[in-house]
Each structure stands twice: as C-alpha cells, then as structure tokens.
Amino acid sequence: MLLQKDKNIFLESETTNKLPLSSNAQQKTCIHKVDDIMKEKEKFLDSISLAIIQSDKRSKQAFELSIKEVGDLYLEKLHICKDVFNEYSLEEQVDKMLKIRDELSKEDLSKHSAYQEKVREIIDKKFNLTLSQLKQEEEIKQDIEFLLHKCEFYLIDDDSYLENKFRKKLKMIIDQYGINVSESTIYKIISLGKEVSKHSREFTKDKLSYEFKSKREYNLKKFENLVFSTISVYHFGEIVNEVREKSKYNKFDKDFAIAVSKLINHTHVDLKSLEIEVNLFIRDCLFSTLSDSDLKYFKSKNYHKYIAQYLFDLCIAINEKCFPVTTEDICDLFNYQL
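All residue numbers for the sequence shown refer to my numbering, where the first residue is 2 and numbers rise by one.
Spelled out as structure tokens, the structure:
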C-alpha cells in the first residue's frame, strides 16, 4: 500500500515529471477549453431557466416546444449539457422542468430576498406621503410589492426592455397616487426588482442542476474529492483529450480502458515502480502515435508532466483509500464514451 507521505520520494527523484506549481501561465493554456465550456453551460442553463420561469401560462405541449428550441441552440455544440440531457427522453425532460416550474410557483422567494420588507422600508423612509396619501399607504405598498413579485417571472436583471417596462409601471403607480418621489428612490426599487429576478434565476438553475444530475459529473466529482493534485480532474480530462485528438489511434476503446484500469488499480510495490509504470503508460498509450511536431508541442506545454502528476496522485489515492474504479469511471475520467 502506498503512503501519501512517501510521495516526496517521487517528486524529488531525478527522473520525475514534477509539475511546476507556480506556472500559472502554463496552467492557463491547459484550462481555457474548460473555461469556455463552462461559460457556454452557464448560457445554456440561463436559457433553460428563463424558459421555465416564463412558461407559467403555457400548455405542456407549448412548453415542450419551447424547451426543444432552446436545447437545439446549445446541445449540438455543448457536450456537457448534451451528455446530461441525453440521459432522459424529451418527455422526461419536460416532466422534470414542469416539476421545477411548479416548485417555483409555490416557492415564496420573498422570504429569501426579503424584498417585501425592503420595499416597505423604502416607502416608509423615502416616500413623502401627505395625510390623504397615508390613508392609502397599505394599498401603495401592496401595488409595488405585486410589481416586484412579477420580477420573479419577468427577469429585469439582464433585459433592458423588461427593465424599462418595470420603470414605467412603477412610475404609473407613483403618479396614480400623486406621490413625489426622487429618481434615486426609483432607482433603489428598480435595483430591488433586479435582485428579485437574479434570485429567481439562481433558484431555478439550482433546481435544474439538481433534477438533471449527470452521471459523468457525479463521477468526476468523486475523483475531485478523492484526488489531491496540482490540477483538477476536469483539466486533466481536457489535456488528455487534446493529446488523443492528435493521436493516429484516437478512438477510445476497451483496450485503452483496460490499460488505464490496470495502471490505477494495481497495487504498486514502491513509488519507483509506480513512476516507471506511469511514464510507460504515457509513452505507450498516449504519446507513441503522435507526430514529432505534436510531441514537441505537447512537451513544450508540459502536458506530459501534468498527465504524469495527476495519474501518480490518482494511483496513490486509490491505493490508500481502496477506492474501486470501474470502466465507466475511466471513460468519464478521460471524457469519453465507449
């Protein structure tokens, strides 16, 4: 069994593939793809969330069409979301989203953002109500509260058109009661509306992430919690992907999965033998079919060191914690499907 404290033997050896911990510039070249994917995923979740939030009056059939339209924009180019959503039929997807919509309609978001208390405080402090207007104070508060409530479904935090509509509606209420209110006070209420919209969006995205749990993301989370390394499991997968895309035999097959499984599940006698096994795996299974120019490029980016470091840390963690790794886990780790 390998001991974590013995890891220094490997890191201090002359033949090690030690990863430069302070090399931020090099790390950035390895993770830019991950950052781009996560940005696209955020856009996708925002769009799906918006479809759910604004679908309160749609039939199930119309809602299904709306979800499909949003999905078609992203699923082809965004493999993370494609993997997640393809685990479910369209009918299952719609049912899950209708469930989220139902939860959203029942959820009292005011208790989280406290917008009712906040707007009442603004009215008490900033609205200079006359004696006759004070008689209608509760009606004024309720009208503005209801307007803020609509921000749960008409998201003004990222839509200038809806924000302007909100402003006009707010001014109509103020003019209706003949109240003298400063622009700064109006701005505070609009900001409060944006806060309500933002909270509604985040609430829906959280529910969406919970309902559509990806098996792959769940497995990667297991590796992330298991392995302490200088790069994350997500960055490791992207690096390996880039290397294998340039390989002459880049198909992810059972032979490759078996080779990975043999490496990480084998109980290594000592750290020196593990170092040798890791380097042999990288040479034979990842770098052997690369062109000289690609090999030179990847080595200039220290990809061989990143891969060696993560695989070494992974082997140590699995040996120490007796963590079973399946073929499916390996596919997820290397961002492939058999």
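Glycine included, every Cβ here is placed at the ideal spot set by N, Cα and C.
- Around the Cβ of Y311, a 10 Å sphere holds 16 or more other Cβ atoms; the residue is buried.
- Per DSSP, reduced to three states, the secondary structure at H267 is coil, with no helix or strand assignment.
- With respect to the C-alpha of Y178, the residue from S274, E153, V228, D144 having the closest C-alpha is D144.
- When only Cα atoms are considered, N280 and F288 end up about 10 Å apart.
- Within the same chain, Cβ atoms closer than 7 Å to the Cβ of I123 are found at T186, K189, I190, the five residues on either side in sequence being excluded.
- Excluding sequence positions up to five before and after A260, its CB lies within less than 6 Å of the CB of C286, all in the same chain and listed in chain order.
- I317 is the residue among F257, I317, S248, H305 whose C-alpha sits nearest the C-alpha of L275.
- Three or more Cβ pairs drawn from the region 142–156 and the region 193–206 lie within less than 8 Å of each other, which places the two stretches in contact.
- Here DSSP, grouped into helix, strand and coil, assigns N220 to helix.
- Where G179 is concerned, there is no enclosing alpha helix (DSSP H), because DSSP gives it neither an H nor an E.
- Per DSSP, reduced to three states, the secondary structure at D96 is helical.
- Ranked by how close their Cα comes to the Cα of S50, the residues E243, V241, F213, E203 have E203 in first place.
- By the Cβ rule, the region 222–238 does not count as touching the region 124–136, because fewer than three pairs are nearer than 8 Å.
- A Cβ-Cβ distance of about 7 Å is found for the pair I319 and N266, placing them in contact under the 8 Å criterion.
- Burial is judged here by how many other beta carbons sit within 10 angstroms of a residue's own beta carbon; S201 has at least 16 and is buried.
- In terms of CA proximity to E246, T290 leads the group E278, T290, N220, L209.
- Taking C-alpha positions only, E239 is separated from K206 by approximately 25 Å.
- In the displayed model, N303 falls within coil according to three-state DSSP, outside both helix and strand.
- Here L264 is near F282, since their CB atoms are less than 7 Å apart.
- Q134: member of the alpha helix (DSSP H) spanning 132–135, first to last residue.
- Secondary structure at E104: helix, using DSSP grouped into helix, strand and coil.
- N165 and D330 do not touch by the CB rule: their CB atoms are close to 51 Å apart, not below 8 Å.
- CA-CA distance, E118 to E184, rounds to 21 Å.
- Counting of Cβ neighbours within 10 angstroms places K97 among the buried residues, the total reaching 16 or more.
- Taking C-beta separations shorter than 8 Å and ignoring five residues to either side along the sequence, the partners of K170 in its chain run L148, following chain order.
- Annotated three-state conformation of D159 is coil, per DSSP.
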